[in-house]
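Since the structure comes first, as structure tokens, the remarks are kept for the end.
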Amino acid sequence: MRRPIAMPPLADPLPILPARGPLDAVVGIPGSKSLTNRALILAALSNGVTRLEGALWAEDTRWMVEGLRRLGFKIEEQPDPLNGCNRILCVEGRGGKVPAREAELFVGTAGTAARFLAALCALGEGRFRLDGTPRMRERPMQEVFDALRRLGAEIRDTEGRLPAEIRGPLRAGRVRVDDRESSQFASALLLVARRAEVEVEAPSSPYIEMTRELVRAWNWEGGSYDVEPDASSAGYFLALRHLLGGRLEIARWPSTSLQVDHRLPTFLPPPAAISRKGDLGDSVMTLAIVAAALRRPLHLRDAGNLRRQECDRLAALAAELAKCGVPAREEPEGLVLAPAKAFRPAVIETYRDHRIAMCFAVLGSVDVQSDGRPWIRLRDPRCVDKTFPNFFETLETAMGRGVRT
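Numbered according to numbering that gives the first Met the number 0, the sequence shown spans residues 0 to 404.
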């Protein structure tokens, strides 16, 4: 795909300049990835045209748009005057029908696109092939494939992973979906349930409840939907505000939200223990960074899903925090942090994971050595393009500095 936004090149490794003092800024955050990709599926299944305003335009959502177009859905894109990392997307819904009868879909590293498009393909009548990057081929798909099979889909997969060939249609019925490996499996079925005439039984978890609430409130006759700023992306700047003090506002920040990571400020300062299953989503990683910066102990629990995302995030956090002087011990489903006795300069491996890069950018923004010099350097900083292409430019704005390249 073409790069959506001409972002300036970045040094690699990229030095993170610590803040010179308290913050005083208003920053814009791109649209929610979770809400954008869910809304794209619902818009495609609706009647008439749905206009998505503030939709995230980054790698994960562009793979979703490309997949929908290959399935025959018409999607027009327009610039968003409020944020260069967003687009206004006009989706022509087909009332529950999938126009194409055959298509080759590629989802990059986008887990939401892989799981949601698999369910949409099974709703159609035809043969569809779904594939992704080598890392996406390692991520689990078995639960969503098995659920679709129980509803009549024919699926040839690769040991429960991509690549896969999917043939629909689905038959009406009831299906139970587990969320132990990923809540996206249940969300995928919930998104197509109305058109497939399927009742989905799934555990209650923050991301599944977000999907349920979005489906419940959706206008199936078309119209307009305003995508909120991404709460996980906003969390890095809310964490900075807590660490550095001063004033920092998030433009268009809603007072209430379907996104679980909207709760992050209620967990600052970090408690002694946090659960990814019941408390926060990806922002548990941000909270771990805040705890490390403040030299506070933290027990991250119920976070085994983090091992099966863009990288093994528990292993990555433990390894990279240890480089910085923060004692970190992995558990099968979590991470235990102890206060650092002394921070050490480090070159951080980001593992091509946007969240690892943004987390350690937050840590590097704190002048732990009191000399104003960069002590954190990030390898492959452009991995943030996955969800937040102008992250480093926004970070410079928050710090009251010009853009560095």
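Ideal placement from N, C-alpha and C gives every residue a C-beta, glycine not left out.
Checklist entry - Can you tell which of R100, A163, R19, V226 has its C-alpha closest to the C-alpha of D130? => result Here the closest residue by C-alpha is A163.
Checklist entry - In terms of residue numbering, what span does the alpha helix (DSSP H) encompassing F236 cover? => result Segment 230-243, the alpha helix (DSSP H) holding F236.
Checklist entry - Hey, how far is the Cα of L150 from the Cα of L169? => result Distance between the alpha carbons of L150 and L169 is about 5 Å.
Checklist entry - Can you give the Cα-Cα distance for E330 and H241, rounded to whole angstroms? => result 28 Å
Checklist entry - What number of angstroms, rounded off, separates the C-alpha of T404 from the C-alpha of Q368? => result Per-residue confidence for T404 stands at a pLDDT of 43, beneath the threshold of 50, marking its modelled position as unreliable; the derived number appears in the next sentence. Cα-Cα distance, rounded: 24 Å.
Checklist entry - Touch check for the region 154-161 and the region 127-144: three-plus C-beta pairs under 8 Å? => result yes
Checklist entry - Going by alpha carbons, who is nearest to G53 out of K32, V64, M63, K73? => result K32
Item to check | Cβ contact (3+ pairs, closer than 8 Å) linking the region 326-345 and the region 296-304 | outcome: yes
Next on the checklist: For R400, count the other beta carbons within 10 Å of its own beta carbon; 16 or more makes it buried, fewer makes it exposed. Which is it?
Outcome noted: exposed
Checklist entry - Three-state secondary structure (DSSP) at D79? => result coil
Item to check | Burial state of A10, where buried means 16 or more other Cβ atoms lie within 10 Å | outcome: exposed
Next on the checklist: I'd like the list of long-range same chain contacts for E233, defined as Cβ closer than 6 Å, with 5 residues on each side in sequence excluded.
Outcome noted: According to the sequence as given, residue 233 is Ala; it is not Glu. Counting only Cβ-Cβ distances below 6 Å, and skipping sequence neighbours, we find I28, I249.
Next on the checklist: Need the endpoints of the beta strand (DSSP E) that P14 sits in, please.
Outcome noted: 13-15
Item to check | Cβ-based burial, P268 [other Cβ within 10 Å; buried from 16] | outcome: The residue is exposed, with fewer than 16 neighbouring Cβ atoms inside 10 Å.
Checklist entry - Which value, in whole angstroms, describes the spacing of the CA atoms of R1 and W62? => result Here R1 scores only 43 on pLDDT, less than 50, and its place in the model should not be relied on; the value that follows carries that caveat. Cα to Cα, R1 sits roughly 11 Å from W62.
Checklist entry - In angstroms, rounded to a whole number, what distance separates the CA positions of I74 and L334? => result 42 Å
Item to check | Beta-carbon proximity of L39 to L70, cut-off 8 Å | outcome: The Cβ-Cβ distance between L39 and L70 does not fall below 8 Å.
Item to check | Extent of the continuous alpha helix (DSSP H) to which T210 belongs | outcome: First-last of the alpha helix (DSSP H) with T210: 205-216.
Checklist entry - How do the region 139-147 and the region 380-399 stand: do at least 3 beta-carbon pairs fall below 8 Å, yes or no? => result no
Item to check | Alpha-carbon spacing of I288 relative to R381, whole angstroms | outcome: Distance between the alpha carbons of I288 and R381 is about 20 Å.
Checklist entry - Any heavy atom of the ligand MN within a distance shorter than 7 Å of the CB on L316? => result The ligand MN is absent from the structure shown, which contains no ligand whatsoever.
Item to check | the region 75-90 in contact with the region 115-131 per 3-pair CB rule at 8 Å | outcome: no
Checklist entry - Using DSSP with H/G/I as helix, E/B as strand and the rest coil, what is R403? => result Residue placement at R403 is poorly supported in this model, since its pLDDT is 49, which falls under 50; the coordinates are not used for a value here.
Next on the checklist: Suppose contacts are defined by Cβ-Cβ distances below 8 Å. Is D260 in contact with C310 by that definition?
Outcome noted: no
Next on the checklist: So, with DSSP's three-state summary, where would you put N389?
Outcome noted: coil
Checklist entry - Quick one: Cα of R325 to Cα of F342, how far? => result The residue asked about is misnamed: residue 325 is Val in this sequence, not Arg. Going by the C-alpha atoms only, they are around 7 Å apart.
Item to check | Buried versus exposed, by CB contacts within 10 Å (16 or more), D229 | outcome: buried
Checklist entry - Nearest to R376 by alpha carbon, out of R354, L22, L394, V346? => result Answer by Cα proximity: V346.
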